[in-house]
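Right, one structure below, let's go through it.
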Amino acid sequence: MTRSETTTAEQVAALFSQMPKKGTEPVFREPWEARAFAMTLALHEKGLFTWSQWAEMLSAEIRAAQAAGDPDCGDSYYRHWLRALEAMVTGHKVTSASGMEARRLAWQRAAEATPHGEPIELGRDGTPVPPA
Amino acid sequence: MAHDHGPGQDGESHAGHSHEGSHLSETELRVRALESILIEKGYVDPQALDRFIETYETKVGPHNGAHVVAKAWREPDFRDWLRRDATAAIHALGYIGRQGEHMVAVENTPEQHNMIVCTLCSCYPWPVLGLPPVWYKSAPYRAKVVRDPHGVLADFGVTLPEKTRIRVWDSTAEVRYLVVPMRPAGTEGWSEQELARLVTRDSMIGTGLALSPQQAAETGR
Chain A
450 MTRSETTTAE QVAALFSQMP KKGTEPVFRE PWEARAFAMT LALHEKGLFT
500 WSQWAEMLSA EIRAAQAAGD PDCGDSYYRH WLRALEAMVT GHKVTSASGM
550 EARRLAWQRA AEATPHGEPI ELGRDGTPVP PA
Chain B
-17 MAHDHGPGQD GESHAGHSHE GSHLSETELR VRALESILIE KGYVDPQALD
33 RFIETYETKV GPHNGAHVVA KAWREPDFRD WLRRDATAAI HALGYIGRQG
83 EHMVAVENTP EQHNMIVCTL CSCYPWPVLG LPPVWYKSAP YRAKVVRDPH
133 GVLADFGVTL PEKTRIRVWD STAEVRYLVV PMRPAGTEGW SEQELARLVT
183 RDSMIGTGLA LSPQQAAETG R
C-alpha cells in the first residue's frame, strides 16, 4: 500500500517536472473556453450562485474526472469547467439536461446545413427550434 | 489544434457526417447550446460576454500585481497597508474585481519563502494576476507543491538558501493570496515603473523570484 502510494506521488512529481512552465500562453486556447468562462461570470453576477458554490461544483467535477482517469494536467481544465457549468444550470432548473441535449442536436443540424466558412445559425437546416 | 476533443467524445457525430457542411466539435456544440438557451431565457447578454472576455484577455494580468509589489517596495506606508489589509490597499490602486474580494499579501523574507496553490480547483487572484497558467491548474502542481515545494522550485530552476523555510498557502473561494517577492539588490532609487519590470507572474505565485537587474536586461524586460 505504502509502496504504491509512493510510486504514485513520484509519478505525479515527475509529471510536473515535465510540464511546460515557461513562456506566455493565450488566456483562452479556443473560443469556446472563453464563452464558457464568460457565461459563468454572467450567471454569478446574476446571483444564480455564489462563488463558493461554484468552486465546490468545479472541484467536484475535477475530482470526478480524475477518478475517471484524467491526468488533469490543466489542459482539460475548461472541459471540467463546462461540465460544472452545465450541472449548475440544470441544478438551478434554468433548463433541463434533455433541453440542452435537444439544443445541442439543433446546433449540430445547423452546422451540417451550413456551407463551410459561413456563420452557423440556429435553425439553418429548416427544422424549428423549440425553446429549451 | 483546431478542435479540442475529449477521448471518445466525438465518435458519433462523425458517422454519416457530410463534409460539405460545417463541423463543430461536441464541446463547441454544448457551449453553443448552453449560450443560446441562456440568452433566450434572459440570463446572459452576448455583448456582456464579449466584454468579460476582452477584460480577461487584455486588461487584467500580472502587470497589475507587479504595480502593487513595486509600490510596496518603494513606499513603506503602502507596504504596511498591504500587510494589514491587502484587499483595501489593492483596491486603492484600482484593481477591483472578481476573485479579489478578500486578498492576503504574503511577504517573502530571507527566513520565509511563500508559494500559493489551490488544492481544490484553481482559485487565483484574478485582479492582480489575471487568469492562471495551465500548470497552476494541473493536478500535478496542486499535489506536488504541497508534498515537495523544494522540488517544484527546482522544476522552475529556483534554489533557496538553506535557512529559508517554505510556506505554502492554499487559496479558497474566499481568500486569495499574493506573494510579495523580495526586492532585488542593486535597485536603490529605482522608479515604480522600473521596479515593476522585475516582478514576474511566477514571482507573485512563489514559483519564481523577482528578476535581478541583470536578468531583466538579458530578457529585455
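Protein sequences, first through last, are from chains A and B.
Heads up, the first sequence is in the working numbering, so the first residue is 450 and it goes up one at a time.
Heads up, the second sequence is in the working numbering, so the first residue is -17 and it goes up one at a time.
From the three backbone atoms N, C-alpha and C, an ideal C-beta is built for every residue, glycine too.
In this text, all values refer to a predicted model and were calculated from it rather than measured experimentally.
Buried versus exposed call for B/D17 [16 or more other C-beta atoms within 10 Å across all chains shown]: Position 35 of the second sequence, counted from the first residue, corresponds to residue 17 of chain B. In the sequence under discussion, the amino acid at residue 17 of chain B is Glu, which differs from the Asp named in the question. Classification of B/E17: buried, given that the 10 Å Cβ count is 16 or more.
Interface flag, B/P163 vs chain A, CB-CB below 7 Å: On the second sequence, position 181 is the one that residue 163 of chain B refers to. Cβ-Cβ to chain A under 7 Å: no for B/P163.
Cβ contact (3+ pairs, closer than 8 Å) linking the region 121 to 135 of chain B and the region 48 to 61 of chain B: no
Neighbourhood of B/P92 by C-beta, 8 Å cutoff - its chain only, sequence neighbours within 5 removed: Numbered from 1 along the second sequence, position 110 holds the residue referred to as residue 92 of chain B. Counting only Cβ-Cβ distances below 8 Å, and skipping sequence neighbours, we find P143, K145, T146 and M164.
Beta carbon proximity, A/D521 to chain B, threshold 7 Å: The count along the first sequence starts at 1 and reaches residue 521 of chain A at position 72. Output row for A/D521: interface = yes.
Proximity of B/G82 and B/P122 at Cβ, strictly below 7 Å: By 1-based counting over the second sequence, the position of residue 82 of chain B is 100. By 1-based counting over the second sequence, the position of residue 122 of chain B is 140. For B/G82 and B/P122, no; Cβs fall outside 7 Å.
Neighbour flag for A/K470 against chain B, beta carbons, 7 Å: Your numbering for residue 470 of chain A matches position 21 in the first sequence. It does: the Cβ of A/K470 has a partner Cβ on chain B nearer than 7 Å.
Min CB distance B/S120 to chain A below 7 Å: In the second sequence, residue 120 of chain B corresponds to position 138, counting from 1. Yes, its Cβ sits closer than 7 Å to a Cβ of chain A.
Terminal residues of the beta strand (DSSP E) in which B/M85 lies: For the purposes of this step, residue 85 of chain B is taken as the residue at position 103 of the second sequence. Unbroken beta strand (DSSP E) run through B/M85: M85 to E89.
Cβ pair B/V181, B/V51 closer than 7 Å: Taking the second sequence and counting its residues from 1, one reaches residue 181 of chain B at position 199. Taking the second sequence and counting its residues from 1, one reaches residue 51 of chain B at position 69. Cβ atoms of B/V181 and B/V51: closer than 7 Å.
Proximal residues of chain B, C-beta to C-beta of A/S466 below 7 Å: Position 17 of the first sequence holds residue 466 of chain A. Here the neighbours are D137.
C-alpha gap between B/L113 and B/H95, whole angstroms: In the second sequence, residue 113 of chain B corresponds to position 131, counting from 1. In the second sequence, residue 95 of chain B corresponds to position 113, counting from 1. C-alpha separation (whole angstroms): 23 Å.
Beta-carbon proximity of B/P166 to B/A199, cut-off 7 Å: Against the second sequence, residue 166 of chain B aligns to sequence position 184. Against the second sequence, residue 199 of chain B aligns to sequence position 217. No, the pair does not count as a contact, with Cβ atoms beyond the cut-off.
Straight-line gap, B/R12 to A/W481 (C-alpha atoms, nearest Å): Locating residue 12 of chain B in the second sequence gives position 30, where the first residue counts as 1. Locating residue 481 of chain A in the first sequence gives position 32, where the first residue counts as 1. Roughly 9 Å separates the two Cα atoms.
CB contact flag (B/L20, A/A560, <7 Å): Taking the second sequence and counting its residues from 1, the one referred to as residue 20 of chain B is at position 38. Taking the first sequence and counting its residues from 1, the one referred to as residue 560 of chain A is at position 111. Result no, Cβ atoms of B/L20 and A/A560 do not sit closer than 7 Å.
Three-way DSSP call (helix, strand, coil) for B/L160 in this model: In the second sequence, residue 160 of chain B corresponds to position 178, counting from 1. If DSSP states are grouped into helix, strand and coil, B/L160 belongs with the strands.
Residues within the region 22 to 44 of chain B neighbouring chain A, beta-carbon criterion of under 7 Å: E22, K23, Y25, V26, A30, L31, F34, I35, Y38 and E39
Where B/I187 sits in the DSSP three-state scheme: Taking the second sequence and counting its residues from 1, one reaches residue 187 of chain B at position 205. It is helical.
Residue-level contact to chain B via CB, A/E561, 7 Å cutoff: The residue given as residue 561 of chain A occupies position 112 in the first sequence. Chain B, which has a Cβ nearer than 7 Å to the Cβ of A/E561, makes this yes.
Contact set between A/P564 and chain B, taken where Cβ atoms lie within less than 9 Å: Within the first sequence, numbered from 1, the residue matching residue 564 of chain A stands at position 115. Under the 9 Å cutoff, chain B gives E2, G3 and S4.
Assigned secondary structure, B/Q81 (DSSP; H/G/I helix, E/B strand, else coil): The sequence position of residue 81 of chain B within the second sequence is 99, counting from 1. Three-state result, B/Q81: coil.
Local conformation of B/V150 per DSSP, three classes: Taking the first residue of the second sequence as position 1, residue 150 of chain B is located at position 168. Strand.
Runs of alpha helix (DSSP H) wholly within the region 47 to 79 of chain B (minimum 4 residues, chain order): 58 to 66 and 68 to 74
Reduced DSSP secondary structure (H/G/I, E/B, other) of B/V206: The question about residue 206 of chain B has no answer here: the residues shown for chain B are numbered -17 through 203.
Where the alpha helix (DSSP H) through B/Y123 begins and ends: Here residue 123 of chain B corresponds to residue number 141 of the second sequence, with the count starting at 1. Element bounds for B/Y123: A121 to R129.
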